[in-house]
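Colleague: Here the sequence shown stands for residues 1 to 174, where the numbers follow full-length UniProt numbering. Note that the Cβ used here is the ideal one computed from N, Cα and C, for glycine as well. Computed from a predicted structure; not experimentally measured.
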Amino acid sequence: MLRSLYSVPTRYVGSTVRVRADRASVRIYAGTELVKVHARVAPGKRSTDPSDYPMGKDVAAVRDVASLIASAKKCGVHVGVYAERLLAVPLPWTRMRLVYALLRLCKKFGNGRVEAICQSALAFDVVDVQRVARMLETAKPPASPSTDQRTVIALPAPVTARSKPPTHPRGRRR
Numbered sequence: 001m002l003r004s005l006y007s008v009p010t011r012y013v014g015s016t017v018r019v020r021a022d023r024a025s026v027r028i029y030a031g032t033e034l035v036k037v038h039a040r041v042a043p044g045k046r047s048t049d050p051s052d053y054p055m056g057k058d059v060a061a062v063r064d065v066a067s068l069i070a071s072a073k074k075c076g077v078h079v080g081v082y083a084e085r086l087l088a089v090p091l092p093w094t095r096m097r098l099v100y101a102l103l104r105l106c107k108k109f110g111n112g113r114v115e116a117i118c119q120s121a122l123a124f125d126v127v128d129v130q131r132v133a134r135m136l137e138t139a140k141p142p143a144s145p146s147t148d149q150r151t152v153i154a155l156p157a158p159v160t161a162r163s164k165p166p167t168h169p170r171g172r173r174r
């Protein structure tokens with residue numbers, strides 16, 4: 001029993017394959033056709049060939065952090081910075097799912113809204129994708145003003161406004 005994971009090309013997913021292994025290699029056959037050869041790995045490990053995955057899915061297979069950050073930067077400058085902050089840990093691939101969640105928020109709410117929320121969150125040093133999602137869900141969509149709302153209203157001066165600087169009770173300035 002191999003107890004390891006080996007990738008096969010996408011076109012063979014769901015079909016029946018046979019596996020033959022020796023001490024050094026693992027050969028995978030579909031019918032009589034040799035489909036893939038992998039070097040044998042220890043039990044519990046995996047051998048993944050990025051060319052086995054469809055275009056765009058190979059990023060997750062090889063844990064390519066740089067291309068994930070580039071995808072986030074396409075959504076907005078602050079979204080990219082937010083993704084960089086999420087992945088700024090010793091083992092960045094452990095937090096890649098958070099960046100995928102951030103990219104899903106961009107698809108759901110639009111790049112502009114997520115960009116604005118990420119900018120605000122970065123200003124307050126809040127790096128939490130679930131909080132960004134809550135902020136987006138509770139935020140009201142921007143309303144377009146009607147023609148009667150476009151008037152300027154003069155506000156009275158605040159009560160605490162002073163025209164002169166305060167003086168000391170004995171006549172001296174502080």
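Short of 7 angstroms in beta carbon distance, which residues of its chain neighbour Gly14, apart from the five on each side in sequence? Order them along the chain.
Modeller: Result list for Gly14: empty, nothing under 7 angstroms.
Colleague: Expressed to the nearest angstrom, what Euclidean distance is found between the alpha-carbon atoms of Ala39 and Arg23?
Modeller: Using only the alpha carbons, I get a separation of about 9 angstroms.
Colleague: Just the C-alpha distance for Tyr82 and Pro90, rounded to the nearest angstrom, thanks.
Modeller: Cα-Cα distance, rounded: 17 angstroms.
Colleague: Is it buried or exposed, Val132, if we count other Cβ atoms within 10 angstroms and call 16 or more buried?
Modeller: With 16 or more Cβ atoms within 10 Å of its Cβ, Val132 is classed as buried.
Colleague: What's the gap between the Cα of residue 175 and the Cα of Arg104?
Modeller: The structure shown does not extend to residue 175, since the chain is modelled only from 1 to 174, so the question has no answer here.
Colleague: Tell me, please, whether the region 66 to 74 touches the region 26 to 44 by the rule of three or more beta-carbon pairs shorter than 8 angstroms.
Modeller: As far as the Cβ criterion goes, the region 66 to 74 does not touch the region 26 to 44, which means the pair count is below three.
Colleague: Quick check on the DSSP output: the alpha helix (DSSP H) that includes Val79 runs from which residue to which?
Modeller: 77 to 86 is the span of the alpha helix (DSSP H), which, as asked, contains Val79.
Colleague: Report the rounded CA-to-CA distance for Glu33 versus Arg95, giving the unit in angstroms.
Modeller: Their backbone Cα atoms lie some 39 angstroms apart in a straight line.
Colleague: Quick one: is Ser51 buried, meaning 16 or more other Cβ sit within 10 Å of its Cβ, or exposed?
Modeller: Counting Cβ neighbours within 10 Å, Ser51 comes out exposed, since fewer than 16 surround it.
Colleague: Return the first residue and the last residue of the alpha helix (DSSP H) that Leu91 is part of.
Modeller: Counting along the chain, Leu91 falls outside any alpha helix (DSSP H), and DSSP gives it neither H nor E.
Colleague: At the level of alpha carbons, what is the spacing between Arg46 and Leu102?
Modeller: Roughly 27 angstroms separates the two Cα atoms.
Colleague: Taking the alpha-carbon of Pro54 as reference, which of Tyr6, Lys140, Gly112, Arg11 has the nearest alpha-carbon?
Modeller: Of the candidates Tyr6, Lys140, Gly112, Arg11, the one whose C-alpha sits nearest the C-alpha of Pro54 is Arg11.
Colleague: Start and end of the beta strand (DSSP E) containing Val19?
Modeller: Where Val19 is concerned, the enclosing beta strand (DSSP E) stretches over 18 to 21.
Colleague: When you compare only the Cα positions, how much space is there between Ala88 and Lys108?
Modeller: Those two C-alpha atoms are separated by around 25 angstroms.
Colleague: What residues in its chain sit with their C-beta under 6 angstroms from that of Ile28, if we drop five residues either side in the sequence?
Modeller: For Ile28, where only same-chain residues beyond five positions count, the Cβ hits under 6 angstroms are Val8, Val17, Val19, Val35, Lys36.
Colleague: Ignore the nearest five residues each way along the sequence and tell me which others in Val127's own chain have a CB closer than 8 angstroms to its CB.
Modeller: Taken in chain order, the residues that qualify are Tyr82, Arg85, Leu86, Ala121.
Colleague: Are Leu136 and Ile117 close, meaning C-beta to C-beta below 9 angstroms?
Modeller: Yes, they are a contact pair.
Colleague: Identify the residues that DSSP records as bridge partners of Lys36: which are they?
Modeller: According to DSSP, which records beta bridges pairwise, Lys36 is partnered with Ile28.
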